[in-house]
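Undergrad: Let me give you the structure first, and then I'll get to my questions.
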Amino acid sequence: MKRVLRSKRNAPIIISSDEEENEKKEKKEIKKKVVKKKIQVEDDKMGTIDKGKRKRVGNVQVRGKRIGEEHIDKDNDEDVITKEKVDECTRAKGVKRKNEDIDESNVPNGKKVRLKKDVNNSNEDVSLKRPKKEKEIDLENFSTKCVEWTDVDYICEVQNIDRQVAQNIVKLFKDDNTIPFIARYRKNMTGGMEPDRLRSVKESFDRVRIIKNRAVTIIKAVDKLGKWTPQIHSAIMSTKSMDDLEHIYSMFKVNQKRSLAERAKSLGLGPVSNAVIEGKEIPPMSSLIDRKKKELQSEQQVKEGIVHIIADTISKNKVTFDEVRTLEKASIIEIQTLRSKLNDKSKNEKKDEEKYEIYFNFKSNTRIIKPHQILAINRAESQKILAVKIVIPDSLVDRFKNYCLNFFKIGARASSLHLTLLKDSIDYAYKKFIRPLIIRRVRSELTEKAEEASIKVFAINVKQLLLIPPVRGKIVLGIDPGFSHGCKLAVVSEQGSVLETAIIYPHKKTEGSERSIKILTDLVRKYNSTVIALGNGTACRETEVFLSNLIKSNAFDPFDVSYTIVDEAGASVYSCSSEAKLEFANLDPNIISAISIARRIQDPLAELVKVEPKYLGVGMYQHDLPEKQLLQSLNEVVTEAVSFVGVDVNTASLSLLKKVAGLNVSRATNIIEWRNKHGPFSNRQQILDVKGIGTKTFEQCAGFIRILPETAVVSGSKAKKSKNPDSSPNFLDQTWIHPESYGIADEFIKSSGCNVKEIGSLSFVEKIKSYVKDGGSSFHKKFQTDEATLEVIIKGLTMKKDEDIRMKSHCPLFRASLQNIDDLTNGTILSGAVRNVTHFGVFVDVGVGRNGLMPTKWCKDQTLCIGQRVEVKVINIEHRRNRFTLELMKVL
């Protein structure tokens, strides 16, 4: 076969097939030489110190072992990269490479490794593709091993828990188990871990996925730039910190404006810089002066260029980077704050400044600084009230510089010029790169920990608020106080239905208080409403004075009336919501707020779940927190509270049902539709007949859904022909015992000699307790189960009717009179109720119109919770700032 080519003058040139083959071979040989030359140049640039111990495999240089060979260099076997290890490094999820062939041989699990065939198309030598380099990257900066880590490794390290427990929890989370379900029904797998601890582990579990996903994204980006190698892959996949990942990624980002190091390399100073590091002979600085180039006009400029390149290498060195983190952990780093020097502040700005007076000349060890202090400093800094400084100890700086000199000891020992250039480079690297990196990381980690702690406090407070015991069997009069728009009144029955509403204007001089007194007292007498719930919003203090005076003057005789202050946070938000409009179509939102305030003491849980938890306002700097994390944590807490209290599936509202573990809005809606269409559920198994509820959902929610005999009466006309032929009631459905344990529970009841139909009665509870007492420590073995499961069964069988976990909390504090802050003196003993808990102290309502602060140091190591009653002593009063300080005397 012949082919015809034409010259520039269009004269035909005839080439035979033999000549064509020879030409191809010559081109291949030339290409091989070019490739080898490029590799040699790159090796010179990389400055490998231990070249004698390295071997080349195609386009990849490894230690000790050549791909396809069985020989192993035993002197260096711990650094050997086998083909399997290289293959493992290449298996990054989602990494795509262009113009490459795929060799799937010897790849486990069918995962694809993208390989490049040798230039001679031979199948004997196949090696990893070496990407083109737009920017020089020293592969010695990266680990040569794939140090993979798992979610279990991370959780064990961060949470400091047993590895077997960590494995169990990870498996439970991966199987989509909820925290309430795990905390109550899988204690044997978690070592009895509490929900708050499980939530913390879940945060670490979620963080693993974020880090792993970010690592994959960075690998894709690096690969797209043509800079992927097994070593780089290993460095990225072995990193457990988002900050560290971003630092590694910064090495490869292409900036529009080139760095000083890149500019110095473009001037030809790269080889000289490598020679300095490797201790090789370097030419005189004067010989590198180039008058034609603006940046090489003097020896000083030449030295600066070399320093910039070496400093850049130091800052991007993975080993150096790890050493900096080690030095951070071993050093005492301080945070200092000073008052900002800005002048001409307005009155409001000066008033804001007063809040941060304690930080005008403040310093603290970053290891012991409190979360609230960090959040306060951050807020004041953003408002330009404070200037913040991170103080790095000289010992850390000295140790870092000595470490770098030792790391580059070959170069440092070569000559005085080598040593000078290296020292200058290390100084510049610390000043320009390492110090800012440490400062950013310290501030970032402090803020992250402070935010996590604040979210945790917020979540705990919300849970305690939800678990305040209900005031049952009382008709409640709710008051939403106000001035110009009046005080809105709502009388609510024992079941929460609205009986009557009204508006009074006790603070308007034109109308006077006589009419307001008559309306209020008539409502109390008409409905025998001896409990008044007063919202703590605008005009609360004035309305409280109004109520207190009425009680003192016996205006409500013969009824013994008392009132309590109710936190109305979120009530106005709920009153304007679509859910409120659906329930109260024709009512004024202000009246709806009064209804909500009354219901909040009748059944706090049922009413508060209607409000987004972020509006409940019981946190610490919650408005400065990352909203996504805050909402996730709060929603989990609400789900935990609702689930642990339990809901009656035949009477629960959508607001409650959707918060049960395993359920959501759609599933809860389907349950209510089924209930409306077919009548009450007669047993838990019927929940499986509801659309959208499968075995997994049933497993998660079944233990938290109750079916009480008094609400499970099914009329004949509404009885459903269930898919489950057995629709007869099961008395265990009114307990928190999970259906998966019914067999053991039935055997336990039978063995105790009790009748299951008497569950919840006093006699049944006493018999079970007596039986358990006589059982001994190995009681669980008799029923072939674990101790944790049997404990749940016993607790479920020993609970009285209408008993739930809220009974352990404290009821609202009711009053018939009040004091004023001006009436207080140091040493006054008062009783009050805890309203908020923070890291710096506890806020207590003592009935003077403003909560007093009880600093942590005056809490006497007591762990207090919202709603708890305490006896306190006044130890300091600041009349100018209208605040006072308390000391705990005892918990009531």
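Here the numbering used here runs 31 ahead of the position in the sequence shown, where the first position is 1.
Ideal Cβ positions, reconstructed from N, Cα and C, are used throughout, including at glycine.
Check Gly125 in the structure and name its three-state DSSP category.
TA: As a working mapping, residue 125 is identified with position 94 in the sequence shown. Low confidence applies to Gly125: its pLDDT is 44, below 50, so where it sits in the model is not reliable, and the reading given next is rough at best. Gly125 falls in the coil class under three-state DSSP.
Undergrad: In whole angstroms, what separates the C-alpha of Ile421 from that of Ser413?
TA: Stepping through the sequence shown from its first residue, residue 421 is reached at position 390. Stepping through the sequence shown from its first residue, residue 413 is reached at position 382. Looking at the two C-alpha atoms, the distance is approximately 16 Å.
Undergrad: Using only alpha-carbon positions, find the residue among Pro886, Arg546, Gly513, Lys813 that is nearest to Gly566.
TA: Taking the sequence shown and counting its residues from 1, one reaches residue 566 at position 535. That would be Gly513, whose Cα lies nearest to the Cα of Gly566.
Undergrad: Closest to Ala407 by C-alpha separation, out of Leu358, Ile364, Leu477, would be which residue?
TA: Counted from its first residue, the sequence shown places residue 407 at position 376. For the residues Leu358, Ile364, Leu477, the minimum Cα distance to Ala407 belongs to Leu477.
Undergrad: Once you ignore the five residues that flank Pro770 on each side, which residues in its own chain have a CB closer than 7 Å to its CB?
TA: To locate residue 770, count along the sequence shown from 1; it is residue 739. Within the same chain, Pro770 has close Cβ partners Arg715, Ala733.
Undergrad: Excluding the 5 residues flanking Val338 on each side, which residues of the same chain have their C-beta closer than 7 Å to its C-beta?
TA: By 1-based counting over the sequence shown, the position of residue 338 is 307. Closer than 7 Å at the Cβ level, and outside the excluded window around Val338, lie Leu452, Asp455, Ser456, Tyr459.
Undergrad: Alpha carbon to alpha carbon, what distance is there between Glu482 and Ile366?
TA: Translated into positions along the sequence shown, residue 366 becomes position 335. Translated into positions along the sequence shown, residue 482 becomes position 451. Rounded to the nearest angstrom, the two C-alpha atoms are 17 Å apart.
Undergrad: Taking Val640 as part of the alpha helix (DSSP H), name the residues at either end of that continuous run.
TA: Counting from one through the sequence shown, the residue named residue 640 turns up at place 609. No alpha helix (DSSP H) contains Val640, which DSSP labels as neither H nor E.
Undergrad: Within its chain, find whatever has a CB closer than 8 Å to the CB of Lys927; leave out the 5 residues flanking it on each side and keep chain order.
TA: Any question about residue 927 goes unanswered here, given that the chain covers just 32 to 923.
Undergrad: Between Ile313, Thr209, Val232, which lies nearest to Tyr185 when the distance is taken from Cα to Cα?
TA: As a position in the sequence shown, residue 185 is number 154, starting the count at 1. The shortest C-alpha separation from Tyr185 is found at Val232.
Undergrad: Pull up the distance between the alpha-carbon of Lys659 and that of Leu665, whole angstroms please.
TA: What you label residue 659 is simply residue 628 of the sequence shown in a count that begins at 1. What you label residue 665 is simply residue 634 of the sequence shown in a count that begins at 1. Cα atoms of Lys659 and Leu665: separation of roughly 10 Å, rounded to the nearest angstrom.
Undergrad: Beta-carbon separation of Glu667 and Ile210 under 9 Å?
TA: Here the question's residue 667 lines up with position 636 in the sequence shown. Here the question's residue 210 lines up with position 179 in the sequence shown. Closer than 9 Å, so yes.
Undergrad: Tell me the rounded alpha-carbon separation between Asp835 and Gly677.
TA: Here residue 835 corresponds to residue number 804 of the sequence shown, with the count starting at 1. Here residue 677 corresponds to residue number 646 of the sequence shown, with the count starting at 1. Taking the straight line joining both Cα atoms gives about 8 Å.
Undergrad: Find out if the Cβ-Cβ distance for the pair Lys494, Gln633 is shorter than 9 Å.
TA: On the sequence shown, position 463 is the one that residue 494 refers to. On the sequence shown, position 602 is the one that residue 633 refers to. Their beta carbons are not under 9 Å apart, which means Lys494 does not touch Gln633 by this criterion.
Undergrad: Just to confirm the assignment, what range does the alpha helix (DSSP H) spanning Thr344 have?
TA: Indexing the sequence shown from 1 puts residue 344 at position 313. Residues 330-346.
Undergrad: What's the call for Pro500, buried or exposed, on a 16-neighbour Cβ count within 10 Å?
TA: Residue numbering aside, residue 500 sits at position 469 when the sequence shown is read from its first letter. Under this definition Pro500 is a buried residue.
Undergrad: Tell me which residue opens and which closes the beta strand (DSSP E) that Asp511 is part of.
TA: As a position in the sequence shown, residue 511 is number 480, starting the count at 1. Where Asp511 is concerned, the enclosing beta strand (DSSP E) starts and stops at 507-511.
Undergrad: Let me check one thing: in DSSP terms, what residues is Thr532 bridge-paired to?
TA: In the sequence shown, residue 532 corresponds to position 501, counting from 1. Paired residue(s): Ala521.
Undergrad: Would you kindly work out how many angstroms separate the C-alpha atoms of Val189 and Met273, rounded to a whole number?
TA: Reading the sequence shown from its first residue, position 158 is the one you call residue 189. Reading the sequence shown from its first residue, position 242 is the one you call residue 273. Roughly 14 Å separates the two Cα atoms.
Undergrad: Can you give the Cα-Cα distance for Glu225 and Ala214, rounded to whole angstroms?
TA: For this step, residue 225 is matched to residue 194 along the sequence shown. For this step, residue 214 is matched to residue 183 along the sequence shown. In a straight line, the C-alpha of Glu225 is about 6 Å away from that of Ala214.
Undergrad: Beta-carbon within less than 8 Å of Lys921's beta-carbon, same chain only, minus the 5 sequence neighbours each way: which residues are those?
TA: As a working mapping, residue 921 is identified with position 890 in the sequence shown. Excluding the 5 residues flanking it on each side, Lys921 has same chain C-beta neighbours closer than 8 Å at Val901, Glu902, in chain order.
Undergrad: Taking Pro467 as the reference, give the member of Val428, Lys323, Cys435 with the closest Cα.
TA: Reading the sequence shown from its first residue, position 436 is the one you call residue 467. Nearest C-alpha to Pro467: Val428.
Undergrad: Helix or strand or just coil, what does DSSP make of Ala411?
TA: Counting from one through the sequence shown, the residue named residue 411 turns up at place 380. It is helical.
Undergrad: Measure the C-alpha to C-alpha separation of Glu385 and Ala418 and round it to an integer number of angstroms.
TA: In the sequence shown, residue 385 corresponds to position 354, counting from 1. In the sequence shown, residue 418 corresponds to position 387, counting from 1. Cα to Cα, Glu385 sits roughly 15 Å from Ala418.
Undergrad: Determine the DSSP secondary structure at Tyr594, reduced to helix, strand or coil.
TA: Counting from 1 along the sequence shown, the entry for residue 594 is found at position 563. Here Tyr594 sits in strand by DSSP.
Undergrad: Among residues of its own chain, excluding the 5 on either side of Asn342, which ones have a beta-carbon nearer than 6 Å to its beta-carbon?
TA: For the purposes of this step, residue 342 is taken as residue 311 along the sequence shown, with counting starting at 1. Asn is not the amino acid found at residue 342; the sequence shown has Ala there. Same-chain partners within the cutoff: Ser456, Tyr459, Ala460.
Undergrad: For a test of the three-state rule: what should DSSP assign to Asn396, helix, strand or coil?
TA: Taking the first residue of the sequence shown as 1, we reach residue 396 at position 365. Note: Asn396 maps to strand in three-state DSSP.
Undergrad: Tell me whether the stretch 550-559 and the stretch 601-621 touch, counting them as touching only if at least three CB pairs, one residue from each stretch, are closer than 8 Å.
TA: no
Undergrad: Closest by CA to Arg474, which one among Lys540, Arg398, Ser544, Gly442?
TA: Residue 474 sits at position 443 when you count from the first residue of the sequence shown. Out of Lys540, Arg398, Ser544, Gly442, the CA that lies nearest to the CA of Arg474 is found in Arg398.
Undergrad: What first and last residue would you give for the beta strand (DSSP E) that runs through Asp876?
TA: Position 845 of the sequence shown, counted from the first residue, corresponds to residue 876. DSSP places Asp876 inside the beta strand (DSSP E), whose first and last residues are 872-876.
Undergrad: Kindly give me the distance between the Cβ atoms of Val307 and Phe431, rounded to whole angstroms, as I take these residues to be in contact under 8 Å.
TA: Mapped onto the sequence shown, residue 307 falls at position 276. Mapped onto the sequence shown, residue 431 falls at position 400. Not quite, the Cβ-Cβ distance comes to about 19 Å (not below 8 Å), so this is no contact.
Undergrad: Output the boundary residues of the alpha helix (DSSP H) element that contains Ala443.
TA: In the sequence shown, the residue the question calls residue 443 occupies position 412. Where Ala443 is concerned, the enclosing alpha helix (DSSP H) stretches over 440-443.
Undergrad: Tell me, to the nearest whole angstrom, how far the beta carbon of Ile775 is from that of Thr816; I am working on the premise that it is less than 8 Å.
TA: The count along the sequence shown starts at 1 and reaches residue 775 at position 744. The count along the sequence shown starts at 1 and reaches residue 816 at position 785. Correct: roughly 5 Å between the Cβ atoms.
Undergrad: Decide if His278 is buried, meaning its Cβ has at least 16 other Cβ atoms within 10 Å, or exposed.
TA: On the sequence shown, residue 278 is found 247 positions in, with the first residue counted as 1. Counting C-beta atoms within 10 angstroms of its own C-beta, His278 has 16 or more neighbours from the protein chains shown and is therefore classed as buried.
Undergrad: Only counting the same chain, and skipping five residues up and downstream in sequence, which positions put a Cβ closer than 6 Å to that of Ser624?
TA: Looking up residue 624 in the sequence shown gives position 593. Here the set comprises Asp511, Ala602, Ser603, Ser606.
Undergrad: Just checking, does the stretch 251-266 make contact with the stretch 693-709 on the three C-beta pairs under 8 Å criterion?
TA: no
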